[in-house]
Amino acid sequence: MADKQCKVTVEVYGESYALKGDLEAERVKMIAALVDAKMKEIAKNNAFLSPTKIAVLAALNLADDYLRLENDFNQIVQMVKEVK
Numbered sequence: 001m002a003d004k005q006c007k008v009t010v011e012v013y014g015e016s017y018a019l020k021g022d023l024e025a026e027r028v029k030m031i032a033a034l035v036d037a038k039m040k041e042i043a044k045n046n047a048f049l050s051p052t053k054i055a056v057l058a059a060l061n062l063a064d065d066y067l068r069l070e071n072d073f074n075q076i077v078q079m080v081k082e083v084k
């Protein structure tokens, strides 16, 4: 969907966000649901934190997940290269 702008409204941690971009609406909804779930998980274990701190912790957790997956991917690519 590179040529067409998609508009979608999502809810993350009780707040609605009207978003516009080149990702498909379903993908944006999946991303928002992931962020929402991570924020709710953090809030459940840390009821005293502000929404801003919950959002930052969620971002840090998701960035850590991303970096771990990127590292795993790079290791797999390296193993495939070695097999060839």
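Under the numbering used here, the first residue of the sequence shown is numbered 1, with each subsequent residue one higher.
Quick reminder that beta carbons are idealized off the backbone N, C-alpha and C, glycines included.
Other residues of its chain near A58: CB distance less than 7 Å, five sequence neighbours each side excluded: V35, K38, M39 and I42.
Collapsed DSSP secondary structure at A47 in the structure displayed: A47: coil per DSSP, three-state reduction.
Per-residue DSSP class, three states only, for E41: The DSSP-derived three-state label of E41 is helix.
Reference K53, options Y13, A33, C6 and Q5, closest by Cα: Ranked by Cα distance from K53, the first of Y13, A33, C6 and Q5 is Y13.
Reduced DSSP secondary structure (H/G/I, E/B, other) of E60: Note that residue 60 is Leu in the sequence shown, not Glu. Here L60 sits in helix by DSSP.
Limits of the beta strand (DSSP E) - the one that E11 falls within: Taken as a continuous stretch (DSSP letters only), the beta strand (DSSP E) holding E11 covers C6 to V12.
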